[in-house]
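Peer 1:
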Amino acid sequence: MCGIAAFFSQSKPVLTDALENAVQRLIHRGPDNQSVWLSKDRRVGLGHTRLSIIDLATGDQPIANEDERVRIVVNGEFYDFERQRFELKKRGHQFRTRSDSEIALHLYEDFGAHCLQHLRGEFAFVLWDESNQLLLAARDRFGIKPLYYAIHGGVLYLASEVKALFAAGVPARWDHEYFYQHATGPAMPDRTLFEGVYQVPPGYCLIVTPNGLRTHRYWEFDYTPAAELSASRREEESYVEEFATVFEEAVRLRMRADVPIGCYLSGGLDSCAVLGFAARHSNAPIQAFTLTFDQAAYDEGEIAREMAASVGANFFPIPIEQSDIAENFAEAIWHSETIFQNGHGVSKFLLSRAVRDAGYKVVYTGEGS
Numbered sequence: 000m001c002g003i004a005a006f007f008s009q010s011k012p013v014l015t016d017a018l019e020n021a022v023q024r025l026i027h028r029g030p031d032n033q034s035v036w037l038s039k040d041r042r043v044g045l046g047h048t049r050l051s052i053i054d055l056a057t058g059d060q061p062i063a064n065e066d067e068r069v070r071i072v073v074n075g076e077f078y079d080f081e082r083q084r085f086e087l088k089k090r091g092h093q094f095r096t097r098s099d100s101e102i103a104l105h106l107y108e109d110f111g112a113h114c115l116q117h118l119r120g121e122f123a124f125v126l127w128d129e130s131n132q133l134l135l136a137a138r139d140r141f142g143i144k145p146l147y148y149a150i151h152g153g154v155l156y157l158a159s160e161v162k163a164l165f166a167a168g169v170p171a172r173w174d175h176e177y178f179y180q181h182a183t184g185p186a187m188p189d190r191t192l193f194e195g196v197y198q199v200p201p202g203y204c205l206i207v208t209p210n211g212l213r214t215h216r217y218w219e220f221d222y223t224p225a226a227e228l229s230a231s232r233r234e235e236e237s238y239v240e241e242f243a244t245v246f247e248e249a250v251r252l253r254m255r256a257d258v259p260i261g262c263y264l265s266g267g268l269d270s271c272a273v274l275g276f277a278a279r280h281s282n283a284p285i286q287a288f289t290l291t292f293d294q295a296a297y298d299e300g301e302i303a304r305e306m307a308a309s310v311g312a313n314f315f316p317i318p319i320e321q322s323d324i325a326e327n328f329a330e331a332i333w334h335s336e337t338i339f340q341n342g343h344g345v346s347k348f349l350l351s352r353a354v355r356d357a358g359y360k361v362v363y364t365g366e367g368s
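Under numbering that gives the first Met the number 0, read the sequence shown as residues 0 to 368, first letter to last.
(1) Hey, could you find the ends of the alpha helix (DSSP H) I102 is sitting in?
(2) Roughly how many whole angstroms lie between the Cα atoms of H343 and E101?
(3) Here's a check: name, in chain order, each residue in its chain whose Cβ is nearer than 6 Å to the Cβ of R190, leaving out the five neighbours to either side.
(4) Would you list, in sequence order, the uninterrupted alpha helix (DSSP H) runs of no fewer than 4 residues that lie entirely inside the segment 197–268?
(5) Give the DSSP bridge partners of A296, in chain order.
(6) Are the segment 265–273 and the segment 292–307 in contact at 8 Å, needing three or more beta carbon pairs?
(7) Mind checking S368: buried by the 16 CB within 10 Å criterion, or exposed?
(8) Can you name the start and end residues of the beta strand (DSSP E) that D139 belongs to?
(9) Return the residue from the list R70, P259, Q33, F220 that minimises the CA-CA distance to N131.
(10) Considering Q23, what are the terminal residues of the alpha helix (DSSP H) in which it resides?
(11) Pick helix, strand or coil for S368, following the three-state DSSP scheme.
(12) Indicate the three-state DSSP secondary structure (helix, strand or coil) for D356 in the structure shown.
(13) Buried or exposed: which applies to Q198, given that a residue is buried once 16 or more other Cβ atoms fall within 10 Å of its Cβ?
(14) On a CA-only basis, which of L350, R84, S8 is nearest H92? Give me that one, please.
(15) Note down the Cα distance separating Y148 from E235, rounded to an integer number of angstroms.
(16) Tell me whether the segment 123–138 and the segment 164–171 touch, counting them as touching only if at least three CB pairs, one residue from each stretch, are closer than 8 Å.
(17) Consult DSSP for Q321 and reduce its assignment to one of helix, strand or coil.
(18) If we call anything under 7 Å between Cβ atoms a contact, is Y156 one with L164?
(19) Provide the residue(s) that pair with Y147 in DSSP beta bridges, ordered along the chain.
(20) Helix, strand or coil: how does DSSP classify H27 here?
(21) What is the residue span of the beta strand (DSSP E) that R400 lies within?
(22) Output needed for P200: all residues of its chain with C-beta closer than 6 Å, excluding positions within five of it in sequence on either side, in chain order.
(23) Anyone know if the C-beta pair for H117 and L106 falls short of 7 Å?
(24) Would P284 and A256 qualify as a contact pair, given that the criterion is a beta-carbon distance under 7 Å?
(25) Do T291 and D298 count as a contact pair if the criterion is CB distance below 7 Å?
(26) So what's A186 in DSSP terms, helix, strand or just coil?
(27) Thinking Y363 and L274 are a contact (beta carbons under 8 Å), I'd like their distance in whole angstroms, please.
(28) Tell me, which residues are paired with H47 by DSSP?
(29) Name the two residues that bound the continuous beta strand (DSSP E) containing A283.
(30) Check S351 in the structure and name its three-state DSSP category.
(31) Look at the alpha carbon of D293 and the alpha carbon of T337, and state the distance between them as a whole number of angstroms.
(32) From what residue to what residue does the alpha helix (DSSP H) around E129 run?
(33) Between W173 and A21, what straight-line distance do the alpha-carbon atoms span, to the nearest angstrom?
(34) Can you give the Cα-Cα distance for S159 and K144, rounded to whole angstroms?
(35) Kindly indicate which residue of A277, Y222, E227, G261 has the alpha-carbon position closest to the one of F246.
(36) What is the DSSP secondary structure of S346, reduced to helix, strand or coil?
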C-alpha cells in the first residue's frame, strides 16, 4: 500500500510545499521512502510514499523512462509483470528498476492510454508525458486501489487519500447531496463525502491535455447474453474445473513478493480457499491471521484454526472485544474516509494494524469475492 500525489496546472507553477505536505500526509501508506518531483516549468508535480514489496533496493518512485520524458507514480501491484518485462525488453525498452511498477511506463510508450488493456493487477497511477503534454491518471478495474481528485484555484490535485488533498490546500467541506444519495440509495460512483472532491471510478481513467480534462471508461463487465449461455451450456463439473484453474492462477500470480506474505483467515469459504491455494504454492508455512471475539455468535476462530492446521499454516489469533471496536471507530473512519454502517470496517482496521505490528506488509484476503 503506497501513496501517490500529483498536481497539474495549465499556467501557474504548483507549490512545492503543497506537494510535500500532501506526501507527508500519506506517509502512513509508505514509510519506506518518500519522494517528490517537479517539472522544469513547475506546472506538474509527482509525489510518492513507498511501501517496498518488490525490488526493495531500486524501486523508489517517481520512475522515468529512458529519455526522462515520461514519469509515473504507482500505488499497487501489477501481476504477471515478469512476462511483460521480458516482452518489453525484447522490443528494446531499457529498465531502470526491477519494480513491477515500471512496466506501466513502457507499456504506455508502446500503446499510449491503451496500455490499460495490457495491465493486470490492483493499481492506481498517475503518469506525465512531457512530449505530448498529457497527464494520465487511472484506477484498476475493480477499484481496489483508491484515487481521488479535485480542481481548486486552476490546479488539478490527485492523491490516494482525500486528506492529502486537504493538506495541499483543497478546501474541506461536506457534500450534503452525497449524504442524501447514500441514505436513499447508491451514490454516484465518482462522488465522495466532500464537496468538490471526486474519485476516479473503477475501470476509468482521467486524461488531461491543454484542451482540458476528460474521463474515459477503459473497461466494463462483458456480460454474456442469456441466449448464448443456454446455447453453450456445459456440464456443471467443467465449470467447477475451469473456475478452480483460474482461481488458483490468480492466487499464484499474487505470490510474487520480496517480503514475507501472510493471509487473513476467517471461517468463510473465500479466505479458506485463498489460503488453501496459497499454501499449495508456498515453500514455507503461511502466517494466518484471524480475528477472534469473546461472543460465540461472532467468533469463527475454531473453524479458522482447523483450516490453518489442514494446510500447514501458522495460526495467529487476534482477540478483540466490543470495547476495542468502539475505541477505534474514529481512527478507522479517518483512514477509510467513508461511512461505516456496522463494525466490520473497524474490525478489519484492527486486523490490519495487528498484522502490521507483526511485521507483515502483504496479506492475502478473500475480501470482495
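Glycine included, every Cβ here is placed at the ideal spot set by N, Cα and C. Remember, it's a predicted structure, so these values are computed and weren't measured experimentally.
Peer 2: On the basis of the coordinates in this document:
(1) For this step, residue 102 is matched to residue 103 along the sequence shown. Note, I102: alpha helix (DSSP H), 101–110.
(2) For the purposes of this step, residue 343 is taken as the residue at position 344 of the sequence shown. For the purposes of this step, residue 101 is taken as the residue at position 102 of the sequence shown. Computed Cα separation, rounded: 35 Å.
(3) Position 191 of the sequence shown, counting from 1, holds the residue named residue 190. Taken in chain order, the residues that qualify are Y177.
(4) 225–230, 235–252
(5) For the purposes of this step, residue 296 is identified with residue 297 of the sequence shown, where counting begins at 1. Looking at the DSSP assignment, A296 forms no beta bridge with any residue, so it has no partner.
(6) yes
(7) Here residue 368 is taken as the residue at index 369 of the sequence shown, counted from 1. Confidence at S368 is low in this model, with a pLDDT of 45, below 50, so the placement of that residue is unreliable and no value is reported for it.
(8) Residue 139 sits at position 140 when you count from the first residue of the sequence shown. Careful: D139 lies outside any beta strand (DSSP E) and carries neither H nor E.
(9) Translated into positions along the sequence shown, residue 131 becomes position 132. Checking every option, the nearest Cα to that of N131 belongs to R70.
(10) As a position in the sequence shown, residue 23 is number 24, starting the count at 1. Unbroken alpha helix (DSSP H) run through Q23: 15–24.
(11) On the sequence shown, position 369 is the one that residue 368 refers to. Here the model assigns S368 a pLDDT of 45, short of 50, so the residue's position is not dependable, and the following value carries that caveat. Coil.
(12) Position 357 of the sequence shown holds residue 356. In the structure shown, D356 sits in a helix (DSSP, three-state: H, G or I).
(13) The count along the sequence shown starts at 1 and reaches residue 198 at position 199. That one is buried.
(14) Here the question's residue 92 lines up with position 93 in the sequence shown. Checking every option, the nearest Cα to that of H92 belongs to R84.
(15) Residue mapping note: residue 148 aligns to position 149 of the sequence shown, counting from 1. Residue mapping note: residue 235 aligns to position 236 of the sequence shown, counting from 1. Rounded to the nearest angstrom, the two C-alpha atoms are 45 Å apart.
(16) no
(17) Locating residue 321 in the sequence shown gives position 322, where the first residue counts as 1. Correct three-state label for Q321: helix.
(18) Reading the sequence shown from its first residue, position 157 is the one you call residue 156. Reading the sequence shown from its first residue, position 165 is the one you call residue 164. Cβ distance < 7 Å, so Y156 and L164 count as in contact.
(19) Reading the sequence shown from its first residue, position 148 is the one you call residue 147. Answer is A158, Q198.
(20) On the sequence shown, position 28 is the one that residue 27 refers to. Coil at H27, not helix or strand.
(21) The chain is shown from 0 up to 368; residue 400 falls before or after that span and cannot be answered.
(22) Residue 200 sits at position 201 when you count from the first residue of the sequence shown. Cβ neighbours of P200 beyond the five flanking positions: P188, D189.
(23) Within the sequence shown, the letter at position 118 stands for residue 117. Within the sequence shown, the letter at position 107 stands for residue 106. Yes, the Cβ-Cβ distance between H117 and L106 is below 7 Å.
(24) For the purposes of this step, residue 284 is taken as residue 285 along the sequence shown, with counting starting at 1. For the purposes of this step, residue 256 is taken as residue 257 along the sequence shown, with counting starting at 1. Their beta carbons are not under 7 Å apart, which means P284 does not touch A256 by this criterion.
(25) Counting from one through the sequence shown, the residue named residue 298 turns up at place 299. Counting from one through the sequence shown, the residue named residue 291 turns up at place 292. Yes. Within cutoff.
(26) Here residue 186 is taken as the residue at index 187 of the sequence shown, counted from 1. Looking at A186 - three-state DSSP - the assignment turns out to be coil, as it is neither helix nor strand.
(27) Numbered from 1 along the sequence shown, position 364 holds the residue referred to as residue 363. Numbered from 1 along the sequence shown, position 275 holds the residue referred to as residue 274. At roughly 7 Å, the Cβ-Cβ gap stays under 8 Å, so Y363 and L274 are in contact.
(28) For the purposes of this step, residue 47 is taken as the residue at position 48 of the sequence shown. Partner(s): I3, S34.
(29) By 1-based counting over the sequence shown, the position of residue 283 is 284. No beta strand (DSSP E) holds A283; DSSP gives it neither H nor E.
(30) On the sequence shown, position 352 is the one that residue 351 refers to. Three-state DSSP puts S351 in a helix.
(31) For the purposes of this step, residue 293 is taken as the residue at position 294 of the sequence shown. For the purposes of this step, residue 337 is taken as the residue at position 338 of the sequence shown. For D293 and T337, the distance between alpha carbons rounds to 27 Å.
(32) As a first step, residue 129 must be located in the sequence shown, where it is residue number 130. Segment: none, E129 is in no alpha helix (DSSP H) and carries neither H nor E.
(33) What you label residue 173 is simply residue 174 of the sequence shown in a count that begins at 1. What you label residue 21 is simply residue 22 of the sequence shown in a count that begins at 1. Taking the straight line from one Cα to the other gives about 20 Å.
(34) Against the sequence shown, residue 159 aligns to sequence position 160. Against the sequence shown, residue 144 aligns to sequence position 145. Each residue's Cα considered, the two are about 8 Å apart.
(35) Reading the sequence shown from its first residue, position 247 is the one you call residue 246. When only C-alpha atoms are compared, the closest one is A277.
(36) As a working note, residue 346 is residue 347 in the sequence shown. In the structure shown, S346 sits in a helix (DSSP, three-state: H, G or I).
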